[in-house]
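*Asks:* Mind having a look at this structure? Questions to follow.
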Amino acid sequence: MTQVKAGDNVRIHYTGTLKDGSVFDSSESAEPLEFVVGSGQIIPGLDIALPGMSVGDKKTVEVPVDQAYGPVEPAARQAVPRKDIPADIPLDMGMQLQVQTPDGQAMAVTVVELSDDEVVLDANHPLAGQDLTFAIELVSIG
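Position in the sequence shown (first residue = 1) + 318 = our numbering.
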């Protein structure tokens, strides 16, 4: 039976949960996730769990912070004067916005603090700082 190795194009179904058991993402009611193993398209902790699996295999993978979205980086939070944000952009706690970096790249940020004078934006991934668990099933190789 064929086993997954680095460089293989695979499709998996997955359900990702947090320590408290709450589901943060799942492919159950969607198409399987397709990617090339070892290419950096998915988080490292999940990528390294796939080699050796065969089609139909299922496993649960515990992914520590450093192999998931990394620790929370305080430097990724930035206070912006509220007057610098266009008035037509509604601001609410937890709202996700896209900002442009000085080199022209789009970056997702989350509004984490609001006052009359400033808005604090956080560019950390929403799952940064968390250990994750994935229940995965290998659907296909190739």
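We put the beta carbon where it would ideally sit given N, CA and C, even for glycine.
1) Runs of 3 residues minimum, wholly inside the segment 345 to 376: which ones carry the beta strand (DSSP E) assignment?
2) If D338 sits next to P382, beta carbons under 8 Å apart, how far is it from one beta carbon to the other, in whole angstroms?
3) When the Cα atoms are used, what is the spatial distance from V437 to S372?
4) Which residues mark the beginning and the end of the beta strand (DSSP E) in which G334 is found?
5) What are the start and end residues of the beta strand (DSSP E) that includes T419?
6) Excluding five sequence neighbours on each side, which residues of the same chain lie with their C-beta closer than 6 Å to the C-beta of R329?
7) My understanding is that V322 touches V355, with C-beta atoms under 8 Å, so please give their C-beta distance in whole angstroms.
8) Return helix, strand or coil for P268, following the three-state DSSP convention.
9) How would you label V341, buried or exposed, when you count the other beta carbons within 10 angstroms and need 16 or more for buried?
10) Output the distance between the C-alpha atoms of A397 and S347, rounded to the nearest integer angstrom.
11) On the criterion of 16 or more Cβ atoms from any shown chain inside 10 Å, does N327 qualify as buried, or is it exposed?
*Replies:* Judging by the given coordinates:
1) 351 to 354
2) Residue numbering aside, residue 338 sits at position 20 when the sequence shown is read from its first letter. Residue numbering aside, residue 382 sits at position 64 when the sequence shown is read from its first letter. That belief does not hold up - the Cβ atoms of D338 and P382 are roughly 16 Å apart, past 8 Å.
3) Here residue 437 refers to the residue found at position 119 of the sequence shown. Here residue 372 refers to the residue found at position 54 of the sequence shown. Cα to Cα, V437 sits roughly 49 Å from S372.
4) Position 16 of the sequence shown, counting from 1, holds the residue named residue 334. That run of the beta strand (DSSP E) goes N327 to T335.
5) For the purposes of this step, residue 419 is identified with residue 101 of the sequence shown, where counting begins at 1. Neither: T419 is in no beta strand (DSSP E) and is coded neither H nor E.
6) On the sequence shown, residue 329 is found 11 positions in, with the first residue counted as 1. Counting only Cβ-Cβ distances below 6 Å, and skipping sequence neighbours, we find P350, E352, V457 and S458.
7) In the sequence shown, the residue the question calls residue 322 occupies position 4. In the sequence shown, the residue the question calls residue 355 occupies position 37. The pair is a contact, with the Cβ atoms about 6 Å apart (cut-off 8 Å).
8) Since the first residue shown for the chain is 319 and the last is 460, residue 268 is missing from the structure and cannot be characterised.
9) Position 23 of the sequence shown holds residue 341. With fewer than 16 other Cβ atoms within 10 Å, it is exposed.
10) Within the sequence shown, numbered from 1, the residue matching residue 397 stands at position 79. Within the sequence shown, numbered from 1, the residue matching residue 347 stands at position 29. Cα atoms of A397 and S347: separation of roughly 38 Å, rounded to the nearest angstrom.
11) Here residue 327 corresponds to residue number 9 of the sequence shown, with the count starting at 1. Answer is exposed; the Cβ neighbour count stays below 16.
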